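Worksheet: one structure, shown below.
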Amino acid sequence: MSDAGILTVDIGGSSLRAGMVDRSGRLGALVSIPLTHRLDADGTAETSPRQWWAAMLAAVEALDPEEAAAIAITGITRSQVLVGADGQPVRSALLWHDSRADATLAGLLARLPVDHPERAGLNAFHPLARLWWLADREPEALAATVAVVDPKDWLNARLTGVVASDTVSLSRLSMTRDLAAAAGLPDLLPPLGNPVEVLAPVRAGLPGALGRLAGVPVIRMATDTWAAALGLGAMRAGGCYSLSGTTEVLGVVSDQPLAADGLLSLDWAHGLWHLGGPMQAGADCLVWLLDLLGKRGPVGPILDGLLAGARDPSPVLFLPHLTGARVPFWDSTRRGSFLGLNRRHGAPDIAWAVLEGIACLNRLVLDRAEAARGQSVEAVRFGGGGASSEHWTAIKADVLGRPVERVATPEPGLAGAAIAASVALGTHGDLAAAQHAMVTVAERILPDPTRRADAEALVSRYRVAEDALSALSAVLATPLPAWTAAR
24 MSDAGILTVD IGGSSLRAGM VDRSGRLGAL VSIPLTHRLD ADGTAETSPR QWWAAMLAAV
84 EALDPEEAAA IAITGITRSQ VLVGADGQPV RSALLWHDSR ADATLAGLLA RLPVDHPERA
144 GLNAFHPLAR LWWLADREPE ALAATVAVVD PKDWLNARLT GVVASDTVSL SRLSMTRDLA
204 AAAGLPDLLP PLGNPVEVLA PVRAGLPGAL GRLAGVPVIR MATDTWAAAL GLGAMRAGGC
264 YSLSGTTEVL GVVSDQPLAA DGLLSLDWAH GLWHLGGPMQ AGADCLVWLL DLLGKRGPVG
324 PILDGLLAGA RDPSPVLFLP HLTGARVPFW DSTRRGSFLG LNRRHGAPDI AWAVLEGIAC
384 LNRLVLDRAE AARGQSVEAV RFGGGGASSE HWTAIKADVL GRPVERVATP EPGLAGAAIA
444 ASVALGTHGD LAAAQHAMVT VAERILPDPT RRADAEALVS RYRVAEDALS ALSAVLATPL
504 PAWTAAR
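Okay, so the sequence shown: first residue is 24 according to this note's numbering, each after it adds one.
Here's what the structure looks like:
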């Protein structure tokens with residue numbers, strides 16, 4: 024690795040971020056390009072992959088690096104890009120929260136062996152279920168597809184001409200190859216490799232600033248969660264991370280495979296396994312709330328203003344399932360609820376409830392992971408946009424009941440991409456050494472002992488509410504179009 028920095032890119036749900044990271048792990052200039060996607064009432068969640076390419080071109084143009092030791096791209100997963108024989112997308116990408124495969128899931132399950140270990144994990148969000156939906160609803164698109172890749176993989180293909188992915192990102196699809204065959208679906212997995220290695224060099228002739236980076240090695244990366252855990256220094260046995268972005272992600276890392284109901288058990292390579300996964304709730308709930316309240320502007324200051332208001336002693340309980348649920352329920356029909364409302368409650372109570380409900384959902388995931396591991400984690404490394412909020416960090420510490428650590432970098436995904444690149448280029452011998460050299464804990468926040476009993480009471484209420492409302496949720500998810508039609 025030369026003295027030149029790593030050009031890192033992170034494709035998020037609402038923006039693409041890019042920055043130069045130096046050898047010490049310090050992030051220099053940062054560029055963020057907004058992204059949009061289509062959401063419809065039928066469960067559609069799509070975007071054009073070309074939007075990601077245009078955003079990366081704009082971000083690199085703004086950074087305008089004179090040189091780079093490597094390019095490392097990470098990003099959202101469980102989002103399928105269907106690549107045709109010409110390397111171009113066959114259709115819009117299916118995003119992580121697209122739930123239309125629910126409509127055809129029963130037909131898929133009827134074709135599959137009942138005793139397959141992966142069968143229980145099949146739901147509307149599983150890539151195999153989505154391929155089955157495409158076979159039923161858009162057979163021409165599926166027939167034109169030669170590979171299914173993650174968003175980062177498609178950008179890598181545009182940079183290098185190589186269509187490939189890594190063993191972590193597409194592990195769910197690779198583990199169900201035999202199920203795909205049983206269902207009569209084509210094998211659309213691209214070549215897979217180690218997420219910490221050089222994929223190929225940037226090809227010549229690319230537009231703008233990218234054209235000046237021809238020959239620079241592109242690193243094969245894994246998902247944004249994997250990269251962020253690495254950037255937080257949690258990629259080690261016993262490590263735990265919590266990421267607050269458009270959606271929340273929480274996981275525990277171990278040196279052996281573990282299993283827990285509703286959690287994803289994934290081989291994260293390099294002798295490490297992950298237990299946990301992505302929730303469907305997160306900052307998107309806050310955006311929804313502020314829109315509902317007619318609040319416009321930056322989320323952070325507006326939220327701080329709401330939380331500064333007087334609060335009723337009886338807290339509102341919020342179940343944050345506005346777009347269904349992934350970990351730990353995997354139920355696209357699950358719906359959100361506010362419980363315990365009284366006449367005294369106002370906007371501050373609702374704002375607190377949204378944050379606390381999301382934190383309680385994190386706690387359910389943490390409890391299941393710790394039970395599988397047989398011991399509690401020592402601390403939770405906290406990253407993502409929410410980690411910049413003092414209120415949100417304190418709530419996480421109190422509700423999780425564990426010390427919460429914030430690291431120096433504001434962009435753990437980009438930092439993790441740079442750490443992986445440093446290993447791929449030989450600067451550090453392994454991920455442990457690279458994390459030690461490039462990650463700094465900036466602050467440790469302890470749970471407030473005066474709130475401990477009430478925090479546990481809140482979590483207990485949340486558990487009861489989730490159990491009590493799960494069946495009702497499915498009923499509420501059924502539309503009543505005649506009733507809601509304009510009068």
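Yeah, the Cβ is synthetic: ideal placement off N, Cα and C, and Gly gets one too.
Fair warning: this is a prediction, and the values are worked out from it, not measured in the lab.
Can you give me the start and stop residues for the alpha helix (DSSP H) that residue i sits inside?
i, result
"residue 309", "306-315"
"residue 37", "Premise fails: residue 37 is in no alpha helix (DSSP H) and is neither H nor E."
"residue 177", "174-183"
"residue 322", "322-330"
"residue 353", "Careful: residue 353 lies outside any alpha helix (DSSP H) and carries neither H nor E."
"residue 445", "435-447"
"residue 495", "475-499"
"residue 390", "370-396"
"residue 157", "150-160"
"residue 141", "No alpha helix (DSSP H) holds residue 141; DSSP gives it neither H nor E."
"residue 253", "247-254"
"residue 202", "200-205"
"residue 193", "Neither: residue 193 is in no alpha helix (DSSP H) and is coded neither H nor E."
Taking the beta strand (DSSP E) that residue i falls in, what are its first and last residues?
i, result
"residue 404", "403-407"
"residue 459", "Not the beta strand (DSSP E): residue 459 falls in the alpha helix (DSSP H), residues 454-461."
"residue 271", "271-277"
"residue 107", "104-107"
"residue 98", "93-98"
"residue 299", "296-301"
"residue 70", "68-70"
"residue 14", "Only positions 24 to 510 of the chain appear in this structure, which leaves residue 14 out of reach."
"residue 427", "427-430"
Round the Cβ separation of residue i and residue j to the nearest angstrom and send it over; I've been treating them as touching at under 8 Å.
i, j, result
"residue 236", "residue 94", "7 Å"
"residue 189", "residue 258", "At roughly 15 Å, the Cβ-Cβ gap does not stay under 8 Å, so residue 189 and residue 258 are not in contact."
"residue 72", "residue 103", "Actually they are not in contact, since the Cβ atoms of residue 72 and residue 103 sit about 10 Å apart, beyond 8 Å."
"residue 369", "residue 332", "7 Å"
"residue 305", "residue 381", "6 Å"
"residue 462", "residue 255", "7 Å"
"residue 311", "residue 364", "The Cβ separation is near 17 Å, so there is no contact."
Can the beta-carbon of residue i be found closer than 8 Å to that of residue j?
i, j, result
"residue 434", "residue 42", "yes"
"residue 378", "residue 302", "no"
"residue 485", "residue 329", "no"
"residue 260", "residue 216", "no"
"residue 268", "residue 408", "yes"
"residue 390", "residue 421", "no"
"residue 92", "residue 448", "yes"
"residue 290", "residue 194", "yes"
"residue 218", "residue 249", "yes"
"residue 70", "residue 115", "yes"
"residue 213", "residue 172", "yes"
"residue 350", "residue 309", "no"
"residue 168", "residue 211", "yes"
"residue 58", "residue 78", "yes"
"residue 450", "residue 46", "yes"
"residue 263", "residue 275", "yes"
Beta-carbon within less than 6 Å of residue i's beta-carbon, same chain only, minus the 5 sequence neighbours each way: which residues are those?
i, result
"residue 251", "266, 406, 435, 436, 439"
"residue 146", "353"
"residue 490", "none"
"residue 426", "402, 467, 469"
"residue 347", "122, 303, 355, 357"
"residue 482", "383, 386"
"residue 159", "127"
DSSP beta-bridge partners for residue i?
i, result
"residue 18", "Summary: the structure shown does not reach residue 18, with the chain confined to residues 24 through 510, and so no result is reported for it."
"residue 43", "30"
"residue 54", "41"
"residue 506", "The partner list for residue 506 (beta bridge, DSSP) is empty, contrary to what the question assumes."
"residue 265", "273, 405"
"residue 242", "95, 221"
"residue 112", "106"
"residue 188", "215"
"residue 290", "296"
"residue 168", "107"
"residue 259", "DSSP output for residue 259 lists no bridge partner at all."
"residue 537", "Given that the chain is displayed from residue 24 to residue 510, the structure contains no residue 537 and the question cannot be resolved."
CB-CB under 7 Å to residue i, same chain, minus the five flanking residues each way: which ones, in chain order?
i, result
"residue 497", "356"
"residue 99", "34, 35, 36, 119, 174, 247"
"residue 278", "260, 294, 295"
"residue 509", "none"
"residue 110", "180, 186"
"residue 394", "283"
"residue 492", "342, 360"
By Cβ distance below 8 Å, which residues in the same chain neighbour residue i in space, the five residues on each side in sequence not counted?
i, result
"residue 231", "80, 83, 84"
"residue 134", "205, 206, 207"
"residue 284", "351, 391"
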